[in-house]
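Only one structure is covered here, and it is reproduced in the block below.
Number of protein chains: 2
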Amino acid sequence: MIDDDVVHVGVDVGGTTTRAVAFDTALVPLGIESAPTLHGADLIAERVGELVAALGRSVASSRHPATIAVCMPGRVDVATGTVADAVNLGIDAPVEMGALLASVLGAPAHLENDVNAAALGTFHELGLGVRSSLAYVNVGTGIAAGFVLGGRVWRGATGGAGEIGHIPMRADGPSCPCGQVGCAEAIGSGRAVGHDPQRREHVVAAVAWTVQLCALTLDVDLVAIGGGLTEVGQPFLDALDVQLADRESVSPFLRSAGLRSRVRLAPAGVPLGAAGAVLAARADIAGVAQRAR
Amino acid sequence: MIDDDVVHVGVDVGGTTTRAVAFDTALVPLGIESAPTLHGADLIAERVGELVAALGRSVASSRHPATIAVCMPGRVDVATGTVADAVNLGIDAPVEMGALLASVLGAPAHLENDVNAAALGTFHELGLGVRSSLAYVNVGTGIAAGFVLGGRVWRGATGGAGEIGHIPMRADGPSCPCGQVGCAEAIGSGRAVGHDPQRREHVVAAVAWTVQLCALTLDVDLVAIGGGLTEVGQPFLDALDVQLADRESVSPFLRSAGLRSRVRLAPAGVPLGAAGAVLAARADIAGVAQRAR
C-alpha cells in the first residue's frame, strides 16, 4: 500500500554542494533544493536544516517527512550518528553529527556514508534484487567503493569498508598524500590527474584495477562506476572495456572471471546518494537496506 | 540440548591428503581417518566414501552421521553440488560432485570450498560472534581468502569470492601462471618461492599486502593467516608484524586503520576445514553458517 501523503527526504552533503531531495514512497523525486556545502559540523547541520525547510515550502508543504536521511563523506557510525575523518568537510575528530542534525531538524536523521548511500541508490536504480551483490566504485577527488552484498550495505567492523583507493597497485607508482606509494588513488583519482581529461588513461587504468579487485575479492554480480571523473559516461566505459579486454587477453583466469561483463555505469541524472540514504534509513523495505549490525 | 549420540563428519579433500573427522555436536573431534588424495571426481568420491566408512568403524560404530560435509578446492556451487576449476585435483570442467558423493555415501553430502570452510572453522575457533567478521588468508601452494561477514560465509555471485592471490600488487613483479604480472600469488605463494624458507620475506611481503587489502576493502574485525607456509607459527606472525609496522610507519591513514591489531594466526592443530565444512552444513546453528543465497 502506497501512502501518497508520505514524503521521504534524502540529503547528500558533497564536497562542494549539498543537495536535498524529496521522494515519494516509490522513490520518485518530487523536488530538489541545493546550496554550497558549508564546512564544520555545526554549519553542515544548519545547511541541511535550511534545505529541508526549503523543500518543505516548495514541495511538501502539507506533508511532514516520514524519513530524513543524510549521507556525507567520512567514517560514519550509523548506529550512533558519529562522523569522523571527513577532512574535506572540516571534520577530523569524531563529531556527534546525528545529534546536531536532530537538534536542527527537530526530528531524528539517519546518517550514512556517501559512497555506501550511492552504492545502495545504484543497486536500486539497476533493479537488482535481494540475492544480488554490487560494488560501486566512486571516482572523484579520491577513489572509494561501497558494497551491497545480498541486498545489504556492508559497512565493515568500524564503518570503514571500501577504502580501496589506498591499496597499492604498483610499487613504482607515485607517492600518495596518505604516505604510501602507488595507491590506486595516487594514480587515477581526480586529485592525482588534476581533473585533466588528457590524463584519463591513468584514471581508466586505476579503475580497471579496482574492477578486478572487487570482482576477484567479493565476486559481486556487478561493478558500477560513478563519480565526477566518470560523468562523460559511455566514452569512459568504452575506454575501461578496452583496458579490461587487455587484461583478459593475457589471462584465461581473468577471462573466466568475466570482468568485462560485470561492469556498468552508475545511472546518470539520478540523485543516487540521496535516494540511497533514504533506502538505508528505510530498513523496513524488505532486504534492501540494513541498519548497523 | 546436546544429543550425545549425534556425530557429524567433515571431510577435507586437500591437494595431497584427504582427512575425514568425526565431531560431536559441540564440534569436538572424536576421531580422524586420512589417506592420500586421489585425483578425478570419481576417485575423490570413492576415497571420501572409504574414509567415512573407516570412521564409522573406528569411532562412530553405533552412530550414523547426522551430517556429512565435504570441502575441497575449486569453484563450488553449494546449492547444486557442482565443482569446477579444481585443477590440482584433476577437475577442470564442472562436475556433479554432490551427486557422486551421495551415490557413494548413500546419503546427501554438503559441499563447500576448502578456504571458505577453513575461514568458518577459524571463525568458530577464535570464538567470534554473529556480529563479527573475519578474512582468512590461506598461504599454501597458492594464495586465496575466505570471508565470514556478520557470521556468514560470503561466497560471491558465482562461488568465486576470495581470489585475492590474482590481484596484481606490483607492476614490476614476476609473471604468474595465470597470465598476469605481479600477482600476490606470483610473489609470495609456495609455488612462487619453491617452498624455500630462505625466501620467506617474499611470502611475508605478499601476505602483508593481502592483510591490507582485506582490512581496507572489507574492514573485517580480524584477518587470520593460515596454510602450509605459515605453519611455523609465531615467527611468521612476528615477521608479518614487522612488515605491517613498516607500512603503518609511513602512513597515518594505515595507522588509523589498525592493520597490526587485526591479525591473528589461524589455530594450529585443529582440523579447520573439516570443522568449517560441518558448520557450513549445519545452517541451523544460529547465524554461523549460511546456505547458498
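As given, the protein sequences belong to chains H and A, one line each in that order. 218 is the number that the numbering used here gives to position 218 of the first sequence; each next residue is one higher, with no gaps. To convert, count from 1 in the second sequence and add 293; that's the numbering used here. Just so you know, even glycine gets a beta-carbon here, dropped at the ideal spot from N, CA and C.
Beta carbon proximity, residue i to chain H, threshold 8 Å
| i | result |
| --- | --- |
| C471 (chain A) | yes |
| P366 (chain A) | no |
| P358 (chain A) | no |
| V380 (chain A) | no |
| F316 (chain A) | no |
| G487 (chain A) | no |
| V543 (chain A) | yes |
| P461 (chain A) | yes |
| G303 (chain A) | no |
| E456 (chain A) | yes |
| L413 (chain A) | no |
| L533 (chain A) | no |
| A372 (chain A) | no |
Alpha carbon of residue i to alpha carbon of residue j, nearest angstrom
| i | j | result |
| --- | --- | --- |
| V6 (chain H) | D12 (chain H) | 20 Å |
| D42 (chain H) | A93 (chain H) | 14 Å |
| A266 (chain H) | L547 (chain A) | 29 Å |
| A612 (chain A) | L348 (chain A) | Nothing about residue 612 (chain A) can be read from this structure; chain A reaches only from 294 to 586. |
| V587 (chain A) | R555 (chain A) | This structure gives no information on residue 587 (chain A), because the portion of chain A shown stretches from 294 to 586. |
| G81 (chain H) | L89 (chain H) | 16 Å |
| D370 (chain A) | N406 (chain A) | 9 Å |
| S251 (chain H) | V474 (chain A) | 10 Å |
| I44 (chain H) | L38 (chain H) | 5 Å |
| I225 (chain H) | A268 (chain H) | 11 Å |
| V388 (chain A) | R368 (chain A) | 11 Å |
| R291 (chain H) | R199 (chain H) | Unreliable positioning characterises R291 (chain H) in this predicted model, as indicated by a pLDDT of 37, which lies under 50. A coordinate reading is not provided. |
| G443 (chain A) | G129 (chain H) | 20 Å |
| S34 (chain H) | A208 (chain H) | 33 Å |
Buried versus exposed call for residue i [16 or more other C-beta atoms within 10 Å across all chains shown]
| i | result |
| --- | --- |
| E231 (chain H) | exposed |
| T310 (chain A) | exposed |
| V87 (chain H) | exposed |
| E494 (chain A) | exposed |
| S249 (chain H) | exposed |
| P329 (chain A) | exposed |
| A568 (chain A) | buried |
| A372 (chain A) | exposed |
| D514 (chain A) | buried |
| H8 (chain H) | buried |
| D512 (chain A) | buried |
| Q527 (chain A) | exposed |
Residue i at chain A interface by Cβ criterion, 8 Å
| i | result |
| --- | --- |
| D221 (chain H) | yes |
| Q243 (chain H) | no |
| F123 (chain H) | no |
| Q198 (chain H) | no |
| Q212 (chain H) | yes |
| S133 (chain H) | yes |
| V82 (chain H) | A quick correction: the sequence has Thr, not Val, at residue 82 (chain H). Chain A contact via Cβ: absent. |
| D307 (chain H) | No statement about residue 307 (chain H) is possible, as the shown extent of chain H runs from 1 to 293 and does not include it. |
| I187 (chain H) | no |
| E112 (chain H) | no |
| L357 (chain H) | Shown here, chain H extends from 1 to 293; a query on residue 357 (chain H) therefore has no answer. |
| G90 (chain H) | no |
| T158 (chain H) | yes |
| T217 (chain H) | yes |
| A286 (chain H) | Residue placement at A286 (chain H) is flagged as unreliable, the pLDDT there being 39, under the threshold of 50; a coordinate-derived value is accordingly withheld. |
| L149 (chain H) | yes |
| A268 (chain H) | no |
| A257 (chain H) | yes |
Own chain residues within Cβ distance below 6 Å of residue i, not counting five before or after
| i | result |
| --- | --- |
| A192 (chain H) | A186 |
| I590 (chain A) | In this structure chain A extends from 294 to 586, so residue 590 (chain A) is not present and cannot be described. |
| A281 (chain H) | T67, A69 and H110 |
| G308 (chain A) | N381 |
| D539 (chain A) | none |
| W154 (chain H) | F147 and A161 |
| A295 (chain H) | No answer is possible for residue 295 (chain H): it lies beyond the span of chain H, which begins at 1 and ends at 293. |
| C71 (chain H) | D12, E112, D114, A117, G273 and A277 |
| L530 (chain A) | L558 |
Same chain, Cβ closer than 8 Å to residue i, five either side skipped, listed in chain order
| i | result |
| --- | --- |
| G31 (chain H) | V21, A22, L55, S58, V59 and A60 |
| G156 (chain H) | G162 |
| P271 (chain H) | G10, D12, R19, V21, P29, I32 and G121 |
Sequence-distant residues of its chain with Cβ nearer than 7 Å to residue i (five each side left out)
| i | result |
| --- | --- |
| F123 (chain H) | L134 and V148 |
| V496 (chain A) | V432, G481, V486 and L522 |
| C471 (chain A) | H459 |
| A102 (chain H) | P108 and A109 |
Subject >> Contained beta strand (DSSP E) runs [length at least 3] in the stretch 459-530 of chain A, N- to C-terminal order >> reply: 515-519
**OP:** Counting only runs of 3+ residues fully inside the stretch 47-106 of chain H, write out the beta strand (DSSP E) ranges in chain order.
**Re:** 65-72, 75-77 and 82-84
Original post:
Which parts of the stretch 409-453 of chain A are runs of the beta strand (DSSP E), unbroken and 3 residues or longer, counting only runs that do not cross its ends?
Top reply: 426-432 and 436-442
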